Every structure is written in structure tokens, then in C-alpha cells.
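Following the numbering used here, the numbering of the sequence shown begins with 69 at its first residue and continues without gaps.
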Amino acid sequence: MPTLKGVDISNWQAGIVPSNLGVQFCIVKATEGVGFTDKQCDKYIQNCKANGILWGYYHFARSNAPEKEAEYFYNQTKNYTGQGIPVLDYEVWGANSDVAWCEKWLT
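Spelled out as C-alpha cells, the structure:
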């Protein structure tokens, strides 16, 4: 089975140029919770598109209602629909740490 080399990046790696990394795919942070949109997201995605790098865009989950977070993610990223792969980054631990939260977000 072939192996693909990839990376996930966000505003924490500001200044990185995906096409200079020698990767075949890049997953880019788009949103977090219900109020944060990553200002580096579109810059990274446009570089991937211009250089033939497969890409996706992700939402970093917080402890809000999953429907609200999904709505925020969709509203901020709807221009990417059908182009890249949407991804949920779920690292919330505690009361909302369950599969049901993720299923509601995905629905």
C-alpha cells in the first residue's frame, strides 16, 4: 500500500508554505468552537490548490453544542464544499467526551 506524506497546520505555524514542505496532502485548521476562524486557513489552502497538493480543512471542537459548532464551521467554510475534505478534530475531554457529540456534529 502506498504511503502519503502529509501535515496538519494552523495559525500556530504562520509563515509555513505548504508547497515547500514536500508533502502530498495538507489538513488546514479552519475554525474552532463557535467564534474562531483561523486567519491563515485560506492562504494555506490557496497554496495547496495552486501546487496540486491534496487538502482538507478542519474544525477544532470545543465544549459547545455540537449543532452550533457544526453550523459555525459550515458557515465559515462553505466555499470549500466539494473541493477539499472537511474534518472534525475532536480532543475535548470531560462531560462532552463521547461519540454522540461527534455524531451530532457530523449530522
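Heads up, the beta-carbon is just placed ideally off N, CA and C, and yes, glycines get one too. A quick note: this is a predicted structure, and the numbers were derived from the prediction, not measured.
Closest by C-alpha distance to residue 52, when choosing among 97, 73, 101: Nothing about residue 52 can be reported from this structure: the residues present for the chain run from 69 to 175 only.
Where residue 100 sits in the DSSP three-state scheme: strand
For residue 90 and residue 119, the rounded distance between their alpha carbons: 11 Å
Residue 86 - DSSP class collapsed to helix/strand/coil: helix
C-alpha distance - residue 84 paired with residue 98, whole-angstrom precision: 16 Å
Cβ-based burial, residue 70 [other Cβ within 10 Å; buried from 16]: exposed
Member of 79, 152, 94, 103 whose CA lies at the smallest distance from the CA of residue 140: 103
Contact set for residue 135: own chain, Cβ-Cβ below 7 Å, skip 5 residues either direction: 172
Expected contact under 8 Å - CB spacing of residue 114 and residue 82 to nearest Å: 15 Å between Cβ atoms; not a contact.
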